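Protein chains in written order, with the numbering used here: chain B, 4 to 93; chain S, 4 to 93.
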């Protein structure tokens with residue numbers, strides 16, 4: 004699981020108690036063909052809607068990266084969560 | 004965007020037409036405190052439900068990794084999509 008290993012190794016370590024509550028979502032789609040329209044932008048909106056059932060997400064705290072190549076597209080969401088997290092009842 | 008760069012550099016390149024249709028979802032949660040119960044397992048189920056509105060997902064083609072540490076948890080979904088993708092109407 005190369006991606007997971009990378010993710011773990013890139014975490015900041017040892018900086019006691021400076022951690023910010025943060026949520027990061029990555030959706031990667033390897034496409035064999037490009038003859039279908041992309042559904043990642045809509046998928047992103049629906050995933051965000053799901054996440055907002057669990058945590059308060061200030062839309063200004065969401066940064067989005069979208070990258071498209073010949074046979075892949077990658078959508079990345081970085082969300083800084085508020086310090087006091089209020090959990091919603093789903 | 005280190006994660007995005009890594010993701011791109013780890014893609015297989017140049018192996019013409021052997022690409023499998025594949026969807027990969029990574030959800031990482033940096034938690035400042037551990038006094039809240041994790042909502043990632045439920046979130047995973049809801050994200051899968053959303054994805055199944057867009058593509059046919061055979062549940063046997065979904066592999067899940069879940070990793071939990073002191074201040075983070077990471078959920079990874081790897082989905083092999085069927086060769087003939089039938090798009091659902093959401």
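We put the CB at the ideal spot given by N, CA and C, even for glycine. Since we're looking at a predicted model, the values are computed, not measured.
A distance below 8 angstroms separates the beta carbons of residue 33 (chain B) and residue 23 (chain S).
Boundaries of the beta strand (DSSP E) around residue 71 (chain S): 65-71. Three or more pairs of CB atoms, one per stretch, sit closer than 8 angstroms, so the segment 37-57 of chain B contacts the segment 54-62 of chain S. Annotation for residue 84 (chain S): no beta strand (DSSP E) segment contains it, and DSSP assigns it neither H nor E. The beta carbon of residue 69 (chain S) sits closer than 6 angstroms to those of 78, all from its chain and outside the five residues before and after it, given in chain order. Using beta-carbon distances, residue 30 (chain B) counts as an interface residue toward chain S, with a partner under 8 angstroms. Per DSSP, reduced to three states, the secondary structure at residue 53 (chain S) is helical. Bounds of the beta strand (DSSP E) holding residue 30 (chain B) are 25-33. Shortest Cα-Cα distance from residue 39 (chain S) to any of S:81, S:82, S:75 involves S:75. Rounded to the nearest whole angstrom, the CA to CA distance from residue 63 (chain S) to residue 67 (chain B) is 30 angstroms.
Of the candidates S:29, S:35, S:25, S:35 places its Cα closest to the Cα of residue 85 (chain B).
Annotation: residue 59 (chain B) has no Cβ neighbours in chain S at a cutoff of 7 angstroms; minimum Cβ distance is about 13 angstroms.
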